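Let me begin by presenting the structure, written as structure tokens, before commenting on it.
Number of protein chains: 6
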Amino acid sequence: MDLKEFRSFRERMNERILEAGNLDIKRFFALDSRVYEDGALPTRTKELLGLVASLVLRCDDCITYHILRCVEEGVSDDEFLETFSVGLIVGGSIVIPHLRRAVATLDEVRAAAAGDQAIGAGQV
Amino acid sequence: MDLKEFRSFRERMNERILEAGNLDIKRFFALDSRVYEDGALPTRTKELLGLVASLVLRCDDCITYHILRCVEEGVSDDEFLETFSVGLIVGGSIVIPHLRRAVATLDEVRAAAAGDQAIGAGQV
Amino acid sequence: MDLKEFRSFRERMNERILEAGNLDIKRFFALDSRVYEDGALPTRTKELLGLVASLVLRCDDCITYHILRCVEEGVSDDEFLETFSVGLIVGGSIVIPHLRRAVATLDEVRAAAAGDQAIGAGQV
Amino acid sequence: MDLKEFRSFRERMNERILEAGNLDIKRFFALDSRVYEDGALPTRTKELLGLVASLVLRCDDCITYHILRCVEEGVSDDEFLETFSVGLIVGGSIVIPHLRRAVATLDEVRAAAAGDQAIGAGQV
Amino acid sequence: MDLKEFRSFRERMNERILEAGNLDIKRFFALDSRVYEDGALPTRTKELLGLVASLVLRCDDCITYHILRCVEEGVSDDEFLETFSVGLIVGGSIVIPHLRRAVATLDEVRAAAAGDQAIGAGQV
Amino acid sequence: MDLKEFRSFRERMNERILEAGNLDIKRFFALDSRVYEDGALPTRTKELLGLVASLVLRCDDCITYHILRCVEEGVSDDEFLETFSVGLIVGGSIVIPHLRRAVATLDEVRAAAAGDQAIGAGQV
């Protein structure tokens, strides 16, 4: 639910902002998508980079977004924990409250995915 | 409503803090008002400075406060968007969640003002 | 209640994180406790250091935690206010929203303690 | 001289980076120029926004760059000081070392301009 | 020598800034001195607060200044190290380069003081 | 040469700090090494995480250190540039001065390596 609210507010406001007609903001938003595309580094690695950067800058919404993307890219729990540990050591104990919320978010995403799968299985 | 809560908590706690009797905190609060007064630069420009500084430092409450003040100073939507775009380019994608909330706040302030005006018109 | 939620989420997620089995995170959490223990500087002073660091880094949860610990260490209201004033001057006006919440938290902690004492007295 | 070094290193490395062939970085650099162009707000105001943002984020090179641009835009000493004062109150005493260097840079830019003018006068 | 340069640049620019005639900046500078004066907390503790705040905000000049003041207040090496350790755990590994410079500065200050004492002894 | 100074100051001060006898600082330094070791994520990826985290937190020494480590891990120029581009988009234009120095450092490291290889080739 929290995740649903996050997604719906995010989508609604992104649309609102892009429609507002400021070209520089639009270009920045486009650039912000492009930078995570496959290149010399795969999207998966770039999403981990985005996640750790969000963690040390302590931006909860950015962390949530990159967790969602990393799950889509098949990042495992151990890989998440090691990314979190790098963010924690680099950023220090002030990262901890964000780490708590990050792990709670990851748990919620995994639970939702498990529920979807159960429903999916049931639908067969 | 969110804005009302923001204002009432802000006023209540400012009063509480100023009554607590710490002279240095009181002086800082006084200074924090004075610095936005008309001088070589007009208050309007200084409020835009306060807004962009709040944006790159990612302080939602500060952003809300300066949006309210900028609206009082007659800042237009395009001027807001250009100030936001400077803050976004300087501060990067981690500013985006705060930008979403800033635009939502601005929309709320504009809607409230429109409502007041409608009521005002009705009162004639 | 807010404080209760803070404490229960904090404890639940800390447990969850420590059980997740990442050794580096576990070690960091252990270190994060040890660093506030009595040494050349008493725990009391170290908790004030933790509080001011949390204030200038603008981490509400960290501020709440260190306020709780400082109250346990017998820090007086004037000592709190002076610590806040140092954090405010060092960190600037963007600290103010966190200062408001810090004072509200301190008031809540003091009120809860007063309530407990009244109950305690009543129990005799 | 310091300013000369700053400018030559800046130009050399910007060229080096743009030639390196990463399209996203190139696009960001282009966007970083465009955002200060005249619009609803004039370039002059946007450069003041860039200056105060650089001050509170404590980026000496960014401060130097925007001082140079603001001087080109005819910003007066009093306007500089008021912009600095907003940055100082918002960002706190940790801004002071950057303020010292900012004022030293401004003095250097003004002195160089005065020297150029004297030479220019002599050339008539 | 580095310390001498630091002190002379600091004093020269502070004077330059205070003479520039911006009242808000002057008031902030006055406030920045007053906040470390003896109160409910002694100056010594407040200087430790200023030091840890400077460390987690990674401001080398602020760290140098508070080390100089803490030495004047008789802070021992172990007390310095414990203050540094709190700053390091709170702020994370990005504090380390500043910690290296802080310890080098402290060594330089202690060496200068020892030299002064030796000279002083010789003068008797 | 700059790199040599960086390395010699870094090694000398790390040794000095570890010998100073503060156990918490020692433990943190140990943890700071361990966190980049091979695990679910390889060291190579973790060093990229450390690099992007250092970039968005704008810590030049940390950037230099992780560039050196990434070169040892065989990171290609294109991979460096893409990591830089993520850091730039996430952290904004205030990252640019650090990006300039990062690219200059990388060039210096590559040139030194090429020189070593030439010498190595000559030694055969």
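Residue numbers (the working numbering), protein chains in the order written: chain A, 1 to 124; chain B, 125 to 248; chain C, 249 to 372; chain D, 373 to 496; chain E, 497 to 620; chain F, 621 to 744. Cβ atoms here follow ideal geometry from the backbone N, Cα and C, with glycine treated the same way. Keep in mind it's a predicted model, so treat the numbers as computed, not measured.
Original post:
When we look at the beta-carbon of Leu471 (chain D) and count the other beta-carbons within 10 Å, is it buried (16 or more) or exposed?
Top reply: The residue you call residue 471 (chain D) lines up with position 99 of the fourth sequence. Buried, by the Cβ-count rule.
Original post:
Should the stretch 352-359 of chain C be called in touch with the stretch 404-424 of chain D, which here means at least 3 C-beta pairs below 8 Å?
Top reply: Segments in contact, no.
Original post:
In chain order, which continuous runs of the alpha helix (DSSP H) of length 4 or greater are located wholly inside the stretch 267-300 of chain C?
Top reply: 271-282
**OP:** Please classify Arg10 (chain A): does DSSP put it in a helix, a strand, or coil?
**Re:** The residue labelled residue 10 (chain A) in the question sits at position 10 within the first sequence. Reduced to three states, the DSSP call for Arg10 (chain A) is helix.
**OP:** Residues of the stretch 635-657 of chain F with a CB closer than 9 Å to any CB of chain A: list them in chain order, please.
**Re:** For the stretch 635-657 of chain F, which is checked against every Cβ of chain A, the residues closer than 9 Å are Phe648, Leu651, Asp652, Arg654, Val655 and Tyr656.
Subject >> Start-to-end residues for the alpha helix (DSSP H) that takes in Arg565 (chain E) >> reply: Counted from its first residue, the fifth sequence places residue 565 (chain E) at position 69. Here the alpha helix (DSSP H) through Arg565 (chain E) covers Asp556 to Glu568.
**OP:** Please check the pair Leu181 (chain B) and Ala226 (chain B), which I expect to be a contact at CB under 8 Å, by giving their CB distance rounded to whole angstroms.
**Re:** Here residue 181 (chain B) corresponds to residue number 57 of the second sequence, with the count starting at 1. Here residue 226 (chain B) corresponds to residue number 102 of the second sequence, with the count starting at 1. Not really, about 13 Å apart at Cβ, beyond 8 Å.
Subject >> Exposure label - Ala161 (chain B); buried when at least 16 CB within 10 Å >> reply: Taking the first residue of the second sequence as position 1, residue 161 (chain B) is located at position 37. What sits at residue 161 (chain B) in the sequence shown is Glu, not Ala. Glu161 (chain B) is exposed by the Cβ-count criterion.
Original post:
Taking buried to mean at least 16 other C-beta atoms within 10 Å of its own C-beta, is Val124 (chain A) buried or exposed?
Top reply: Here the question's residue 124 (chain A) lines up with position 124 in the first sequence. Because the pLDDT of Val124 (chain A) is 46, which lies under 50, any placement of that residue in the model is unreliable, and the number read from its coordinates should be weighed accordingly. Exposed, since its Cβ has fewer than 16 Cβ neighbours within 10 Å.
Original post:
Using a C-beta cutoff of 9 Å, does Val109 (chain A) count as contacting chain E?
Top reply: As a first step, residue 109 (chain A) is located in the first sequence; it is residue number 109 there, counting from the start. Not closer than 9 Å to any Cβ of chain E, the Cβ of Val109 (chain A) fails to qualify, so no.
Original post:
Is Val586 (chain E) close to chain A, meaning its C-beta is less than 9 Å from at least one C-beta of that chain?
Top reply: Looking up residue 586 (chain E) in the fifth sequence gives position 90. Val586 (chain E) has a beta carbon lying within less than 9 Å of a beta carbon in chain A.
Subject >> Close Cβ partners of Val407 (chain D) (< 8 Å) along its chain, the five nearest in sequence each way excluded >> reply: In the fourth sequence, counting from the first residue as 1, residue 407 (chain D) sits at position 35. Only residues of its own chain outside the window of five on either side were considered, and among them Lys418 have a CB closer than 8 Å to the CB of Val407 (chain D), listed in chain order.
**OP:** Please list the partners that Ser713 (chain F) has in chain B, where partner means a Cβ-to-Cβ separation under 7 Å.
**Re:** Counted from its first residue, the sixth sequence places residue 713 (chain F) at position 93. Neighbours of Ser713 (chain F) on chain B, chain order: Ile213 and Val214.
**OP:** Could you tell me whether any Cβ in chain E is nearer than 9 Å to the Cβ of Arg430 (chain D)?
**Re:** Within the fourth sequence, residue 430 (chain D) is the residue found at index 58, counting from 1. By this cut-off, Arg430 (chain D) is an interface position.
Original post:
What residues from chain A crowd round Leu329 (chain B), counting only those whose CB sits closer than 8 Å?
Top reply: Past the boundaries of the shown model lies residue 329 (chain B); chain B is included only from 125 to 248, so the question cannot be answered.
Subject >> Whole-angstrom C-beta distance between Ala412 (chain D) and Glu203 (chain B), which should lie under 8 Å >> reply: Taking the first residue of the second sequence as 1, we reach residue 203 (chain B) at position 79. Taking the first residue of the fourth sequence as 1, we reach residue 412 (chain D) at position 40. Indeed they touch by this definition, with Cβ atoms about 5 Å apart.
Original post:
Where does Asp240 (chain B) land, buried or exposed, given buried means 16+ other C-beta within 10 angstroms?
Top reply: Residue mapping note: residue 240 (chain B) aligns to position 116 of the second sequence, counting from 1. Exposed is the call here.
Subject >> Limits of the unbroken alpha helix (DSSP H) element including Phe215 (chain B) >> reply: Here residue 215 (chain B) corresponds to residue number 91 of the second sequence, with the count starting at 1. The sequence shown places Gly at residue 215 (chain B), rather than the Phe named in the question. Asp201 to Gly215 is the span of the alpha helix (DSSP H), which, as asked, contains Gly215 (chain B).
**OP:** List the residues of chain B that Cys62 (chain A) touches, going by C-beta distances under 8 Å, in chain order.
**Re:** The count along the first sequence starts at 1 and reaches residue 62 (chain A) at position 62. In chain order: Ser217, Ile218, Ile220 and Pro221.
Subject >> Proximity test, Cβ basis, 9 Å: Asp126 (chain B) and chain A >> reply: As a first step, residue 126 (chain B) must be located in the second sequence, where it is residue number 2. With 9 Å as the cut-off, Asp126 (chain B) does not count as an interface residue toward chain A.
**OP:** Put Leu179 (chain B) into one of helix, strand or coil per three-state DSSP.
**Re:** In the second sequence, the residue the question calls residue 179 (chain B) occupies position 55. Helix.
**OP:** Determine the contact status of Ile342 (chain C) and Gly463 (chain D), defining contact as a CB-CB distance below 9 Å.
**Re:** The residue given as residue 342 (chain C) occupies position 94 in the third sequence. The residue given as residue 463 (chain D) occupies position 91 in the fourth sequence. Yes, the Cβ-Cβ distance between Ile342 (chain C) and Gly463 (chain D) is below 9 Å.
Subject >> Cβ-based burial, Leu230 (chain B) [other Cβ within 10 Å; buried from 16] >> reply: Position 106 of the second sequence, counted from the first residue, corresponds to residue 230 (chain B). That one is buried.
Original post:
If you compare alpha carbons, which of F:Leu701, F:Ile716, F:Pro717 and F:Ala734 is closest to Gly393 (chain D)?
Top reply: The residue you call residue 393 (chain D) lines up with position 21 of the fourth sequence. With distances taken between Cα atoms, Gly393 (chain D) lies closest to F:Leu701.
**OP:** Compare the C-alpha of Ile337 (chain C) against each of B:Lys128, B:Ala154 and B:Met137 and name the closest.
**Re:** Taking the third sequence and counting its residues from 1, one reaches residue 337 (chain C) at position 89. When each option's Cα is compared against that of Ile337 (chain C), the closest is B:Ala154.
Original post:
What residues from chain B crowd round Asp450 (chain D), counting only those whose CB sits closer than 9 Å?
Top reply: For the purposes of this step, residue 450 (chain D) is identified with residue 78 of the fourth sequence, where counting begins at 1. Within 9 Å Cβ-Cβ: Gly163, Ala164 and Leu165.
**OP:** Measure from the C-beta of Ala600 (chain E) to each C-beta in chain F and report whether the shortest distance is under 9 Å.
**Re:** For the purposes of this step, residue 600 (chain E) is identified with residue 104 of the fifth sequence, where counting begins at 1. Chain F contact via Cβ: present.
**OP:** Drop a sphere of 10 angstroms on the beta-carbon of Ser696 (chain F), count the other beta-carbons inside from all chains shown, and report buried for 16 or more, exposed for fewer.
**Re:** Position 76 of the sixth sequence, counted from the start, is the residue given in the question as residue 696 (chain F). Counting Cβ neighbours within 10 Å, Ser696 (chain F) comes out exposed, since fewer than 16 surround it.
Original post:
What do you get for Pro498 (chain D), buried or exposed, if any count of 16 or more other CB atoms within 10 angstroms of its CB means buried?
Top reply: Residue 498 (chain D) lies beyond the stretch modelled for chain D, which goes from 373 to 496, so this question has no answer here.
**OP:** Output the distance between the C-alpha atoms of Phe276 (chain C) and Phe505 (chain E), rounded to the nearest integer angstrom.
**Re:** One-based indexing of the third sequence puts residue 276 (chain C) at position 28. One-based indexing of the fifth sequence puts residue 505 (chain E) at position 9. Their Cα atoms are separated by approximately 39 Å.
**OP:** May I have the straight-line CA-CA distance separating Ile468 (chain D) from Asp557 (chain E), to the nearest angstrom?
**Re:** As a first step, residue 468 (chain D) is located in the fourth sequence; it is residue number 96 there, counting from the start. As a first step, residue 557 (chain E) is located in the fifth sequence; it is residue number 61 there, counting from the start. Ile468 (chain D) and Asp557 (chain E) have their C-alpha atoms some 9 Å from each other.
Original post:
Leu375 (chain D) to Asp250 (chain C), Cα distance in whole Å?
Top reply: The count along the fourth sequence starts at 1 and reaches residue 375 (chain D) at position 3. The count along the third sequence starts at 1 and reaches residue 250 (chain C) at position 2. Roughly 53 Å separates the two Cα atoms.
Subject >> Buried/exposed call for Ser457 (chain D), threshold 16 Cβ in 10 Å >> reply: In the fourth sequence, counting from the first residue as 1, residue 457 (chain D) sits at position 85. Classification for Ser457 (chain D): buried.
Original post:
Near Arg540 (chain E), what residues of its chain come up, given a Cβ to Cβ distance below 8 Å and the 5 sequence neighbours on each side ignored?
Top reply: As a first step, residue 540 (chain E) must be located in the fifth sequence, where it is residue number 44. For Arg540 (chain E), where only same-chain residues beyond five positions count, the Cβ hits under 8 Å are Cys566, Glu569, Gly570 and Val571.
**OP:** Pick out whichever of C:Ala352, C:Thr331 and C:Ala366 has its Cα sitting closest to the Cα of Arg140 (chain B).
**Re:** Here residue 140 (chain B) corresponds to residue number 16 of the second sequence, with the count starting at 1. Among C:Ala352, C:Thr331 and C:Ala366, the Cα nearest to that of Arg140 (chain B) belongs to C:Ala352.
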